[in-house]
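Here is the structure we will look at.
2 protein chains.
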Amino acid sequence: MAKAPKSTPGMKTSTNAGAPARAPRSRVTINDIARLAEVSKKTVSRVINDSPLVREDTREKVKAVIAEHGFAPDPQARALAFRRSFLIGLIYDNPSPQYVVNMQRGILDTLEDTSYQLVVRPCDRAAPGFHAKIREFVEQQKLFGVILPPSVSEDDQLAEILEEAGCPYVRIASVALDEPRNLIRTHDSDGARQAARHLARLGHTRIAHIRGPSSFRSSHERLAGFRQGLADFGIELDGGLLLEGGYTFDSGVACAEKFLAMPPAKRPTAVFCGNDEMAVGVYQAARRAGLEVPGDLSIVGYDDTPMASRIWPPLTTVRLPIRDMGKAAAELLILKFTQRGETKPIAFTPEIVERNSTAKPRKS
Amino acid sequence: MAKAPKSTPGMKTSTNAGAPARAPRSRVTINDIARLAEVSKKTVSRVINDSPLVREDTREKVKAVIAEHGFAPDPQARALAFRRSFLIGLIYDNPSPQYVVNMQRGILDTLEDTSYQLVVRPCDRAAPGFHAKIREFVEQQKLFGVILPPSVSEDDQLAEILEEAGCPYVRIASVALDEPRNLIRTHDSDGARQAARHLARLGHTRIAHIRGPSSFRSSHERLAGFRQGLADFGIELDGGLLLEGGYTFDSGVACAEKFLAMPPAKRPTAVFCGNDEMAVGVYQAARRAGLEVPGDLSIVGYDDTPMASRIWPPLTTVRLPIRDMGKAAAELLILKFTQRGETKPIAFTPEIVERNSTAKPRKS
DNA sequence: GCCTATAATGACACCGGTTACCAAAATCAA
DNA sequence: TTGATTTTGGTAACCGGTGTCATTATAGGC
Chain A
0 MAKAPKSTPG MKTSTNAGAP ARAPRSRVTI NDIARLAEVS KKTVSRVIND
50 SPLVREDTRE KVKAVIAEHG FAPDPQARAL AFRRSFLIGL IYDNPSPQYV
100 VNMQRGILDT LEDTSYQLVV RPCDRAAPGF HAKIREFVEQ QKLFGVILPP
150 SVSEDDQLAE ILEEAGCPYV RIASVALDEP RNLIRTHDSD GARQAARHLA
200 RLGHTRIAHI RGPSSFRSSH ERLAGFRQGL ADFGIELDGG LLLEGGYTFD
250 SGVACAEKFL AMPPAKRPTA VFCGNDEMAV GVYQAARRAG LEVPGDLSIV
300 GYDDTPMASR IWPPLTTVRL PIRDMGKAAA ELLILKFTQR GETKPIAFTP
350 EIVERNSTAK PRKS
Chain B
0 MAKAPKSTPG MKTSTNAGAP ARAPRSRVTI NDIARLAEVS KKTVSRVIND
50 SPLVREDTRE KVKAVIAEHG FAPDPQARAL AFRRSFLIGL IYDNPSPQYV
100 VNMQRGILDT LEDTSYQLVV RPCDRAAPGF HAKIREFVEQ QKLFGVILPP
150 SVSEDDQLAE ILEEAGCPYV RIASVALDEP RNLIRTHDSD GARQAARHLA
200 RLGHTRIAHI RGPSSFRSSH ERLAGFRQGL ADFGIELDGG LLLEGGYTFD
250 SGVACAEKFL AMPPAKRPTA VFCGNDEMAV GVYQAARRAG LEVPGDLSIV
300 GYDDTPMASR IWPPLTTVRL PIRDMGKAAA ELLILKFTQR GETKPIAFTP
350 EIVERNSTAK PRKS
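Just so you know, the sequences run in chain order A and B. Last residue of the first sequence: 363 (numbering that gives the first Met the number 0), numbering continuous. Last residue of the second sequence: 363 (numbering that gives the first Met the number 0), numbering continuous.
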């Protein structure tokens, strides 16, 4: 490996600014800027950090020198002095790549052109020592903050650990879990309600629901919203038409098979699934049973994964603005630090995307 | 913000070890360890960095104290002194969430229990100032190294910039782009060849190919492998049966429509698509044309996305061990730094996953 | 025009490690 | 036993910023 040139550390930057510099250019430091602007390094530091204790003309002068020489403070040095890094952690256990990538992009939308970086950390909440590992991660890296999407966001113990570690966090969840300043809410129940209303409006009355696992709070929310949507049309959910799946394809198939084994008079004419993955499982079961979608069975999913629009017939589903949520979460995190002011709760409402997997029930 | 307790900085760690410490515990530093182990901080530093210049019993003693007090060196402080952070960057523009998440997980498989962290950086290679931004990112953060999956991996200018910045990198690509020490190879041509052979073995002779955009090297590789697979069975690719898609669903639909508009005698009985996304587009077109899959048309994809196994009929496709590739890439990166020895090129071979979208051609 | 209150600025130690360099101790040869 | 050589450990300076507090400019009050 080419050793860095041992040239004078405090050399004038103009000296090597002209050189095409094959070797890593010796970076401009705060000392260089201070000397060139004829102020102390502390003043430069104040300018960097937008301190109000700098006279306007001094600030301008320093900023000019900074711009001229393309200076950017060293994140590690700042982190050391601040006792806090500029890293934001995304801790997740969500199995959907779509969700994760969109969330990341949203967060990065906010982080772009700031000095923060995103560090990702997938995890298994059931693994032994999970909490200890996260704690170590957060303390070790002195994270600026972390973002917790579902279902890690539902882990109160984790939140407490972060609190203890003095690490700011933002939870993204469908229910109120924490004080509002830490929360990005998704009105999951509202999306489910829309789904139920959509089906009821089409004329369905025997509408089944394959809910997600009861260990996920989102699945309770969705169920509640679904019930409410039915109630809006005077329909009460038949206990026999509610099954619990595992948010997986296979569980969708299995639950659907149970519904489809019912006598035609009792069989549901529509199914609302807790997520798209299970909805696609229902397609599978319907196909095997020789049923037509949406003619014999209307299906609604939740999430609007890419699969929803690719499958045949395209799936009517509920879309969450995941990327926007990520963006908002990162904004909230940074705001929490920069200003102490009260932040009002931020909520996102899903919207139903009507495609071709729903239709009027066949007259029978 | 709760101020950190101003207690004696050099206090015995045992003092606060017992306290339940609601406030951020004042961390154990190298100085504490040095004092407790009755050696100099330099010696502790040597132990941390596995320097051979420490007597065995001294090393043991220091290690014991480190373990007892749960000391871990501060990454930022080390980064500052090392002039190199412990962050590994993943720079990508791959649009497939599946690919990205698996790659991340693979990298993290390697990074787990090391002091390295993964920083993600999606990008748009066509955006103005792309190279400058990446350069800034890499130099600013003093990245330990970066991993470049396709298609950023195909950017030679980017590689040169990283070289200049003195930032180690590993490219993941289907072709030899660089000296082998920087490369994880995927034998894309081999996967395509398997696909072609699979279809030829079933008895197809009019086999079409919807290739990816020619700006992606992978699409050339796959085309070449496909040709070779046909040649293995004495079949030559008919120029009319080759179309260029954009790796998107819509382009898959469009290309398939062209094929299906051909007179039955000339129409292909099978299509090999450059990726699953386009393959699913072919399903769509076939359905609209009233053709049955695989009876009237066999389809093979590439990537084995989750959709491949969910769609009906399940798609025969080619699987790349993406997670393993990510793992290997990270290993290579770390190895490059720790040992100077020659690294032999690492290659991964895809495998065909036979499902139900392929069958013998209908006798006609 | 002088004195004090306040705003700007600077000096210096420090964050938690590392490297450079030197001193001390241990080992070895004569 | 002594001196040369190898290990090993210690000290000081440094990486590039920030905090604290003293000091110096500026402004306002009389």
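A virtual CB, placed ideally from N, CA and C, is assigned to each residue, including glycine. Quick caveat, the model's predicted, so the values are computed rather than measured.
When C-beta distances to chain B are compared with 8 angstroms, the residues of the stretch 69 to 83 of chain A below that value are A71, D73, P74, Q75, A76, A78, L79 and R82, in chain order. Counting along the chain, R196/A sits inside the alpha helix (DSSP H) bounded by residues D187 to R200. Straight-line spacing of the CA atoms in R45/B and T304/B works out to 47 angstroms. When Cβ-Cβ separations below 8 angstroms define contact, F271/B makes no contact with chain A. Taking all protein chains shown into account, S218/B has 16 or more neighbouring C-beta atoms within 10 Å of its C-beta and is therefore buried. In its chain, beyond the 5 residues on either side, L182 and R184 have a beta carbon closer than 8 angstroms to the beta carbon of A175/B.
With at least 16 other beta carbons inside 10 angstroms of its own, S297/A counts as buried. At a cut-off of 8 angstroms between beta carbons, K326/B makes no contact with chain A. Proximity of chain B to K362/A at the Cβ level (cut-off 7 angstroms) is not reached, the minimal Cβ distance being about 26 angstroms. Taking 9 angstroms as the cut-off between beta carbons, the residues of the stretch 275 to 289 of chain B near chain A are E276, V279, G280, Y282, Q283 and R286, in sequence order. Between the alpha carbons of E162/B and V137/B lies a distance of about 11 angstroms. The alpha helix (DSSP H) runs of length 4 or more contained entirely in the stretch 252 to 326 of chain A are, from start to end of the chain, 275 to 287 and 305 to 309. Relative to H208/A, the option among S50/A, L229/A, P167/A and A78/A whose CA is nearest is L229/A. Closer than 8 angstroms to the CB of R104/B there is at least one CB belonging to chain A.
Assignment of beta strand (DSSP E) within the stretch 143 to 168 of chain B, counting only whole runs of 3 or more residues, yields 144 to 147 in chain order.
Counting C-beta pairs with one atom in each stretch, the stretch 124 to 138 of chain A and the stretch 99 to 110 of chain A have fewer than three that are closer than 8 angstroms, which means they do not touch.
Taking 8 angstroms as the cut-off, the beta carbon of D177/A is found no closer than this to the beta carbon of A164/A. One alpha carbon belongs to L198/A, the other to L236/A, and they sit about 13 angstroms apart.
Within 7 angstroms of the CB of F129/A, no CB atom of chain B is found; the nearest one sits about 13 angstroms away. Residue state for A172/B is assigned as strand, using DSSP reduced to three classes. For I310/A, the closest Cβ of chain B is nearer than 8 angstroms. Contact annotation for F225/B against chain A: no contact, minimum CB-CB distance about 23 angstroms [criterion: below 8 angstroms]. Counting only Cβ-Cβ distances below 7 angstroms, L117/B has contacts in chain A at V118 and V119, in chain order. Look at H68/B here: in three-state DSSP terms it is helix. Annotation: the stretch 80 to 131 of chain A contains the following complete segments of the alpha helix (DSSP H) (minimum length 4 residues), in chain order: 96 to 110. Taking a C-beta distance under 8 angstroms as the contact criterion, R180/B and K326/B do not qualify as a contact pair. Sequence-distant partners of V119/B (beyond 5 residues in either direction) whose C-beta falls short of 6 angstroms from its own C-beta, in its chain, are L89. Relative to A253/A, the option among M277/A, T42/A and I234/A whose CA is nearest is M277/A. Residues of the same chain with a CB within less than 8 angstroms of the CB of F347/A, apart from the 5 flanking positions on each side, are I183, R184, T185, H186, L319, P320, D323, M324 and A327 in chain order. The closest CA to that of A172/B, considering only F271/B, I333/B and S150/B, is found on S150/B. Excluding five sequence positions before and after R58/A, the CB atoms of its chain that fall closer than 8 angstroms to its own CB belong to V46, given in chain order. Per DSSP, the unbroken beta strand (DSSP E) holding A207/B starts and ends at I206 to R210.
The Cβ atoms of L142/B and L52/B lie no closer than 8 angstroms to each other. Residue contact with chain A for Q156/B: absent (no Cβ-Cβ distance below 8 angstroms to any residue of chain A).
Beta-bridge partners assigned by DSSP to I345/A: I183/A. Assignment of E243/B by DSSP, reduced to helix, strand and coil, places it in the strand class.
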